[in-house]
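Novice: Protein chains in written order, with this note's numbering: chain D, 8 to 233; chain F, 8 to 233. Virtual Cβ for every residue (Gly too), placed ideally from N, Cα, C. Small disclaimer: the values here were computed from a predicted structure and weren't measured.
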DNA sequence: CGAGGAATTACACAACCGTATAACAACAGG
DNA sequence: CCTGTTGTTATACGGTTGTGTAATTCCTCG
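(1) DSSP three-state label for residue 123/F, please.
(2) Just how far apart, CA to CA, sit residue 154/D and residue 107/F?
(3) Unbroken alpha helix (DSSP H) runs of length 4 or more, entirely within the stretch 57-97 of chain D: which are they?
(4) Identify the continuous alpha helix (DSSP H) that holds residue 32/D and give its terminal residues.
(5) With a cut-off of 8 Å on the beta carbons, I'd call residue 171/F and residue 202/D a contact; round off their distance for me.
(6) Taking just the CA atoms, how far does residue 79/F sit from residue 88/F?
(7) With 16 other CB atoms within 10 Å as the buried threshold, where does residue 18/F fall?
(8) To the nearest angstrom, how far is it from the Cα of residue 36/D to the Cα of residue 121/F?
(9) Among the residues of its own chain, which have a CB less than 6 Å from the CB of residue 25/F, if the five just before and after it don't count?
(10) So which residues on chain F does residue 99/D lean against when the C-beta distance must stay under 7 Å?
(11) Where does residue 10/F sit, in a helix, a strand or coil, going by DSSP?
(12) Going along chain D in order, which residues have a C-beta closer than 7 Å to the C-beta of residue 31/F?
(13) For residue 115/F and residue 184/F, what's the separation of their Cα atoms in angstroms?
(14) In whole angstroms, give me the CA-to-CA distance for residue 99/D and residue 205/D.
(15) Under 8 Å between the Cβ atoms of residue 82/D and residue 30/D?
(16) Does any residue of chain F bring its CB to less than 8 Å from the CB of residue 179/D?
(17) Taking 8 Å as the threshold, find out whether the stretch 56-72 of chain F comes into contact with the stretch 119-138 of chain F through three or more Cβ pairs.
(18) Can residue 182/D and residue 174/F be called in contact, C-beta distance under 8 Å?
(19) Kindly list, in the order they appear in chain D, the residues whose Cβ is closer than 8 Å to that of residue 66/F.
(20) Where are the alpha helix (DSSP H) runs, 4 residues long or more, that stay fully inside the stretch 120-202 of chain F, in chain order?
(21) What is the DSSP secondary structure of residue 45/F, reduced to helix, strand or coil?
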């Protein structure tokens, strides 16, 4: 006669979050295929059956995890705007800098993002999440650009500029995450600020707000500070 | 008594290529997890056991498929330079345009690229292929930039400019592939040329060489023209 | 303090995965 | 035409996957 494992009842919210975080960790470490129901449950400290109690299936959990990461990534990026000064140039600089430094720019996040991308293509619900997050990010960028003191600020021009600047950020984010050893510290931020400044016709001073601050140790795949 | 399936003997080269193409198609359609030995063999018109006759295992086939796609992608992009005129501006314009139009910019290619990215992180051999392809592409771009008639063409400046322009291309390539419905035809090319022109301080005429040419029908995931 | 209900575990099951191996058949050389 | 080689198929096996279901235990409420 084997003894049944003891357990504690917990709130639906904390259980769901624990399962989502476990899934994200596993995707970051070994790709989507490493995030099986058994490994997720094991890392979350529960048994596999519990997943189907809080999610209708593995696909449901996967969608929730993807939405969680995308929202937190945008939130991390937007957070810097709340403590940024009123000067439009400084706000844009802070936003771009945040996009190209941890915790937003992290190899693990690229791994998660890429791992989910295949689902974005095939699953309509996940594509909606992706589209909403992407357009939301670009909208913030477009507003920052529209607030700049520039001679001509056409509406269509602001859209094009936002797409271009977003591409610069995405491209640098991707390359810096995929090949972190090929770039010096702060190099990508300087390049990004210079390129975006050239596109917009303004000068973005690349004064680092925090001089070479390393990422917090022991952070999870989303850089959440516990 | 069931009848045994008839078959034809074929060369090692054609069999290997058929298996690689089948694997790429499946990764493009349903991600890495869709490319099982059975589905690959089925699409290639053979039985699963044959895979292990031409490859030491599934991992071996996966590596070969990744290398095949990366090499063909670079080749497609470089091909336009052979028929481009001598004018440095026109050559850069053609190169950027090719990077942001089919067959290089294709949703299926982004899917394949993302599907393999997790292996790039964990497998040293695949990371080497990735790094070599990326740096090779950027090197071509850097040479095109260095050839431009510009006032100051510092070596370090050329490197920074190449990284920035590469980021623009990568970002637009990614966004255009992930959300193809959100951009008008030719919009990404125009934005890319304008942004890169602004970064480099030159004017890139966005004269479309082929007016609204649709991608070739029935092309495989690599756009190979049979 | 006792009972109801729900959170959690435990177990079972069919389907699928990659791999190994033996049997067969298509083609080449005599 | 026949025989040997080997490309190819067929089949089997252990392991893993996602899911369905019953049993159990924790907690709340009366």
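Specialist: Reading from the atomic positions:
(1) helix
(2) 30 Å
(3) 58-61, 65-89
(4) 19-37
(5) 4 Å
(6) 15 Å
(7) exposed
(8) 15 Å
(9) 51
(10) Ordered by position in chain F, no residue passes the 7 Å Cβ test against residue 99/D, which lies about 16 Å from the chain.
(11) coil
(12) Near residue 31/F there are no residues of chain D at all, since even the closest Cβ is about 13 Å away, more than 7 Å.
(13) 8 Å
(14) 13 Å
(15) no
(16) yes
(17) yes
(18) yes
(19) Correct list: empty, because the minimum Cβ distance to chain D is about 13 Å.
(20) 131-153, 162-185
(21) helix
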